[in-house]
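Chemist: Each protein sequence line maps, in turn, to chains A and B. For the first sequence, my numbering assigns the number 2 to the initial residue and increments by one for each residue that follows. For the second sequence, my numbering assigns the number 497 to the initial residue and increments by one for each residue that follows. Sharing a structure below in structure tokens format, with a few things to ask.
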Amino acid sequence: MRIAGTSYMDSMVSQLNLLSAQQYQLQNQASTGQTISAPSDNPAGMALALNLQADSSTVTQYSQNISTLQNRAAISGNALASLKTIADRAGEIATSADGASSPAQLQANAAEVTQLIQQAAQIMNTRDGSQYVFGGTASATAPFAVSTDASGNVTAVTYSGNSSVAQSEVSQNVTMAVSAPGENNSGSGARGVISDSRYGADLFNHLISLQNNLLSGNTDAISTTDAPDLSKDSDNIIYQVATNGAAQTRLTAAASFATSQQSGLQQNLTSVAGADLAQTLTQLTQAGNAYQIALQTSSQLLQLQQTVLNSLP
Amino acid sequence: MLGLFNTLNLGARAMTAQQVGVEVTGQNLANANNPAYARQRVQLQTSTPTPTGIGMEGTGVEAASIQQVRDQLLDSQIQSESSVGGYWNSQQSALQNAQTQLNEFLNLNSTSGTSGSSADTQGLSDQLNNLFNAFQSVATSPTDPSARASLVNAAQSLASGLNQSSQNLTTLNGLFNTSVSNDIASANQLLSDIASLNGEIAKATASGGNANDLVDSREQDLENLSKLVNIQTAGNSDGTVSVSIGGQQLVTGNKLADTLATYDPGNGNLLVQTASSVTPLTLSGGSIQGTIDARDETLATLRSGLDTMASSLITQVNGIYKNGYDLNGNHGADFFTGSDAATIGVNPAAANDPSQIQAAGTANASGDNSIALQLAQLGQQSIAALNNQTFSTAYAHDVQNFGNALSNANDQVTNYNSVNAMLQNQRDSVSGVSLEEETANLITYQKAYECSAKLITTVDEMLQTVVNMKS
């Protein structure tokens with residue numbers, strides 16, 4: 002076949018360009034650790050990678066949600082534990098206040114119950130940041146307000162929150178709430194911590210009743226009414242503590258699930274778009290060698306051409 | 497018998513003929529690196545014999561003509577392939593440009609581990625994710641000022657990203673129009689040059705000469721024109737070539753019958769027609785049609801996809817958001833303003849005062865997050881206007897479709913380069929200058945010239961002998 006002079010050069014340049022392009026691509030893959038950078042590199046792979054990254058980003062957000070909820074659940078849990086201590090003490094006082102107690106003892110117990118009410122109200126006004134934990138979704142203002150008389154005895158504790166709770170997403174379409182409303186006497190929805198008509202719980206009113214009965218020395222009312230009422234309150238609080246514990250356990254499980262999900266997504270992402278470094282470096286070396294050989298071959302061809310020219314007389 | 501003087505003439509003609517051979521060889525060597533040049537060769541023939549007493553006797557050699565070595569079939573194939581190459585090269589260039597403007601690159605190593613050219617310049621995919629994640633943060637902590645501020649930031653980033661992408665692609669659309677106009681101007685110049693060359697070639701061949709170099713120039717112009725637009729050519733007996741495009745005659749002999757022009761069909765995207773007869777042309781190849789197709793198909797689809805996603809986002813988000821209450825108990829505002837990718841923005845009131853973000857489902861319940869939660873979950877919902885895909889999936893699909901178009905263009909360019917290289921090699925093997933061959937020819941003609949000179953010297957000596965016979 003007849004070979005024109007320009008064919009040598011064109012072919013040589015074409016081959017060198019091809020080899021340069023291969024080296025560039027492989028170098029890029031080696032330095033970025035990716036086989037896909039742009040949509041045109043692998044369109045289907047790019048779409049899959051974008052979807053995986055979206056999923057990964059969502060799971061990261063779920064993890065953050067879980068972390069926030071864990072913090073909030075811990076705050077609630079601590080508050081409920083303190084509230085249980087108060088309820089337990091109130092129960093002890095109610096049990097011990099009988100006909101054998103002296104008036105002075107009853108007065109002292111009344112004063113203690115007054116303090117227990119104040120402490121309980123303070124606990125029930127616990128905040129997570131700027132938000133009140135036990136106000137339901139009306140969380141901007143303190144849900145419980147204590148009213149006292151001239152002697153400092155508590156006359157009422159009013160609730161200004163509501164009975165709704167906010168749900169947060171911990172996994173796709175899986176939501177949970179970690180807060181409980183301070184009171185819920187609507188007959189449905191989340192159980193109120195202090196007061197819930199479905200379960201006979203009404204801690205503050207029962208404590209006020211105990212306080213008043215202690216002040217008046219009405220030990221019969223204490224044993225027949227206050228003590229059983231406080232028992233229901235205690236059961237209610239135990240329920241809240243258990244529910245809170247279960248929520249924290251569930252959040253721990255959700256966090257673990259999110260972690261394993263994230264790990265799986267990252268592995269998938271790597272398999273779709275990640276470069277096999279060993280293979281890439283091997284191919285890069287091969288391409289480099291081929292480039293060197295092409296250069297040497299081209300040099301020899303050019304020398305042969307020079308030989309032809311030197312043969313002219 | 498020729499006689500000594502006729503033999504002298506024989507020698508002189510031979511030297512002249514060999515000299516022409518050397519000149520043609522010189523011309524070939526001078527154009528060895530000229531890609532448009534087709535090698536020439538001198539056609540030597542024996543000169544008219546003369547009758548003598550002993551029969552017809554030869555009178556030597558003469559250079560009959562200088563022929564160009566060309567394969568018309570290969571030239572036609574290369575012209576045809578040039579159109580294909582021009583089409584796909586312009587598609588590739590246009591779509592590579594669009595890919596840069598879209599700025600959707602995968603970066604597994606960025607600090608956020610998400611898309612975008614770097615952690616600081618995120619692509620739309622990442623910005624979409626950030627928006628719905630920000631809704632999640634507000635849903636989890638509805639009264640948290642930093643969560644609200646982050647939501648505003650994420651929404652503004654996404655809106656700004658859509659605005660920028662839309663603007664970039666619109667600008668690119670305009671540049672494509674400019675490219676079409678420029679290519680049309682180039683094509684018209686080439687058509688004019690071809691008509692002019694036709695005239696000169698016709699004159700040269702009519703006077704019995706050859707127009708090899710003019711034919712080379714015309715072939716180069718035809719190939720360059722083919723890269724711009726697919727042409728049909730027809731050779732004429734006078735050496736001219738007629739050129740038509742889409743069935744419309746543009747060059748006839750030395751006449752430029754018509755030229756190309758752009759026109760606006762009403763949507764601002766220029767198309768091609770003939771200038772005088774105002775006939776719209778549907779081109780089948782070349783860079784002009786490649787640019788038009790990139791603009792009207794792939795780029796248009798991408799822009800439409802962005803607009804659809806933006807308008808769906810505005811509609812879906814606002815549809816939920818309107819029902820929400822802000823921290824001050826206000827109600828009914830929109831979250832997003834605008835209607836498409838170019839105009840989407842964040843409600844300035846909410847942007848300036850995040851407490852006005854309507855996250856709650858009821859008034860006077862700042863801890864209520866039901867609206868924010870619905871908005872967060874919107875990111876995982878199938879949207880009817882997006883072919884029942886989520887926002888992220890729909891966008892990824894648009895990116896894939898775009899990537900497919902560019903990947904296909906890249907493959908076609910690679911294929912064209914292979915085919916073109918093969919055809920060029922074939923043409924070079926026919927028409928290209930071989931240094932080895934020309935060097936050998938040079939030596940051949942030189943030796944023949946020397947021998948002819950030797951003949952003249954010999955005859956001269958013989959004449960001298962004859963002259964010296966008379967003292």
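C-beta atoms are modelled at their ideal positions from N, C-alpha and C, and glycine is treated no differently. Source: prediction; values computed, not measured.
Could you check if Asn163(A) is buried or exposed, using at least 16 other CB atoms within 10 Å of its CB as the buried criterion?
Modeler: Classification of Asn163(A): buried, given that the 10 Å Cβ count is 16 or more.
Chemist: Would you call the CB atoms of Ala74(A) and Asn245(A) closer than 9 Å?
Modeler: Contact: yes.
Chemist: Do Ser543(B) and Gly464(B) come within 9 Å of each other at the CB atom, strictly closer than that value?
Modeler: Given a span of 497 to 967 for chain B in the structure shown, any question on residue 464(B) remains unanswerable.
Chemist: His893(B) versus chain A: which residues are under 8 Å apart at the beta carbon?
Modeler: Correct list: Ala48.
Chemist: Less than 8 Å between the CB atoms is what I'm expecting for Phe898(B) and Leu809(B), so what's the real figure, rounded?
Modeler: Contact doesn't hold; Cβ gap of about 19 Å is too wide.
Chemist: Using CA coordinates, which residue listed in Val273(A), Leu51(A), Ser21(A), Lys233(A) is at the minimum distance from Tyr200(A)?
Modeler: It is Lys233(A).
Chemist: Bridge partners for Thr770(B) per DSSP, in chain order?
Modeler: Partner(s): Leu756(B).
Chemist: Is the separation between the beta-carbon of Ala806(B) and that of Ser656(B) shorter than 9 Å?
Modeler: No, these two residues do not count as a Cβ contact at 9 Å.
Chemist: When the Cα atoms are used, what is the spatial distance from Asn529(B) to Val516(B)?
Modeler: Going by the C-alpha atoms only, they are around 21 Å apart.
Chemist: In its own chain, which residues sit with a C-beta less than 6 Å from the C-beta of Ala560(B), not counting the 5 before and 5 after it?
Modeler: Taken in chain order, the residues that qualify are Gln539, Gln541.
Chemist: Within 10 angstroms of the Cβ of Ala50(A), are there 16 or more other Cβ atoms? Answer buried if so, exposed if not.
Modeler: Buried is the call here.
Chemist: Which residues of chain A have a Cβ atom closer than 9 Å to the Cβ of Gln573(B), listed in chain order?
Modeler: Result: empty, since nearest Cβ-Cβ is about 17 Å, beyond 9 Å.
Chemist: Establish whether the CB of Leu51(A) and some CB of chain B are separated by less than 9 Å.
Modeler: Yes - at least one Cβ of chain B is within 9 Å of the one on Leu51(A).
Chemist: For Ser661(B) and chain A, any beta-carbon pair shorter than 9 Å?
Modeler: Output row for Ser661(B): interface = no.
Chemist: Leaving aside the five residues before and after Ser235(A) along the sequence, list all residues of the same chain whose C-beta is less than 8 Å from its C-beta, in chain order.
Modeler: Only Lys85, Ala88, Asp89, Gly92 meet the Cβ criterion.
Chemist: Just curious, the beta strand (DSSP E) that Pro104(A) is in, first and last residue?
Modeler: Where Pro104(A) is concerned, there is no enclosing beta strand (DSSP E), although the alpha helix (DSSP H) it sits in stretches over 104 to 125.
Chemist: Below 8 Å, can you find three or more Cβ-Cβ pairs linking the segment 52 to 64 of chain A to the segment 292 to 301 of chain A?
Modeler: Too few Cβ pairs lie closer than 8 Å, so no.
Chemist: Straight-line CA distance for Ala295(A) to Leu17(A)?
Modeler: The alpha-carbon atoms of Ala295(A) and Leu17(A) are separated by roughly 7 Å.
Chemist: Who does Asp277(A) pair with in a DSSP beta bridge?
Modeler: According to DSSP, which records beta bridges pairwise, Asp277(A) is partnered with nothing at all.
Chemist: Scan the segment 25 to 39 of chain A for residues whose Cβ lies nearer than 8 Å to a Cβ of chain B and list them as they occur along the chain.
Modeler: The segment 25 to 39 of chain A vs chain B, Cβ under 8 Å: Thr33, Gly34, Gln35, Ile37, Ser38, Ala39.
Chemist: Are the segment 784 to 792 of chain B and the segment 676 to 683 of chain B in contact at 8 Å, needing three or more beta carbon pairs?
Modeler: With a cut-off of 8 Å, the segment 676 to 683 of chain B and the segment 784 to 792 of chain B count as touching, because enough Cβ pairs lie within range.
Chemist: Among the residues of its own chain, which have a CB less than 6 Å from the CB of Gly499(B), if the five just before and after it don't count?
Modeler: Cβ within range, chain order: n/a, list empty.
Chemist: Helix, strand or coil: how does DSSP classify Ala139(A) here?
Modeler: Ala139(A) falls in the coil class under three-state DSSP.
Chemist: Please report the residue range of the alpha helix (DSSP H) in which Val895(B) lies.
Modeler: 887 to 927 is the span of the alpha helix (DSSP H), which, as asked, contains Val895(B).
Chemist: Would Asn174(A) count as contacting chain B if we go by Cβ distances under 9 Å?
Modeler: So yes, Asn174(A) belongs to the interface.
Chemist: Taking 9 Å as the CB-CB limit, is Gly190(A) close to chain B?
Modeler: So no, Gly190(A) is outside the interface.
Chemist: Does the Cβ-Cβ distance between Leu81(A) and Val194(A) come in under 9 Å?
Modeler: Result yes, Cβ atoms of Leu81(A) and Val194(A) sit closer than 9 Å.
Chemist: Name the DSSP beta bridge partners of Phe832(B), please?
Modeler: Per DSSP, Val842(B).
Chemist: Find out if the Cβ-Cβ distance for the pair Asn603(B), Thr33(A) is shorter than 9 Å.
Modeler: Taking 9 Å as the Cβ cut-off, Asn603(B) and Thr33(A) qualify as a contacting pair.
Chemist: For Asp42(A), count neighbouring C-beta atoms within 10 Å of its own C-beta (all shown protein chains included) and say buried if the count is 16 or more, exposed if not.
Modeler: By the neighbour-count rule (16 or more Cβ atoms within 10 Å), Asp42(A) is buried.
Chemist: Under 9 Å, Cβ to Cβ, is there at least one residue of chain B near Met13(A)?
Modeler: So, not an interface residue.
Chemist: Under 8 Å, CB to CB, which of the residues in the segment 145 to 170 of chain A have a partner in chain B?
Modeler: So the close ones are Asn163, Ser165, Ala167, Gln168, Ser169, Glu170.
Chemist: For my contact list, Val737(B) and Asn684(B) are in at a C-beta cut-off of 8 Å; report their separation, rounded to the angstrom.
Modeler: 17 Å between Cβ atoms; not a contact.
Chemist: Does Ile993(B) come out as helix, strand or coil in the three-state DSSP assignment?
Modeler: Because chain B here runs from 497 to 967, residue 993(B) falls outside it and cannot be looked at.
Chemist: Taking the straight line between their C-alpha atoms, what separation do you get for Ala139(A) and Ala248(A)?
Modeler: Spanning the two alpha carbons is a distance of roughly 21 Å.
Chemist: If the cut-off is 8 Å on Cβ atoms, which residues from the segment 920 to 947 of chain B count as contacting chain A, listed in chain order?
Modeler: Within the segment 920 to 947 of chain B, the residues whose Cβ lies closer than 8 Å to some Cβ of chain A are Gln920, Asn921, Asp924, Ser925, Val926, Ser927, Gly928, Val929, Ser930, Leu931, Glu932, Glu933, Thr935, Leu938, Ile939, Gln942, listed in chain order.
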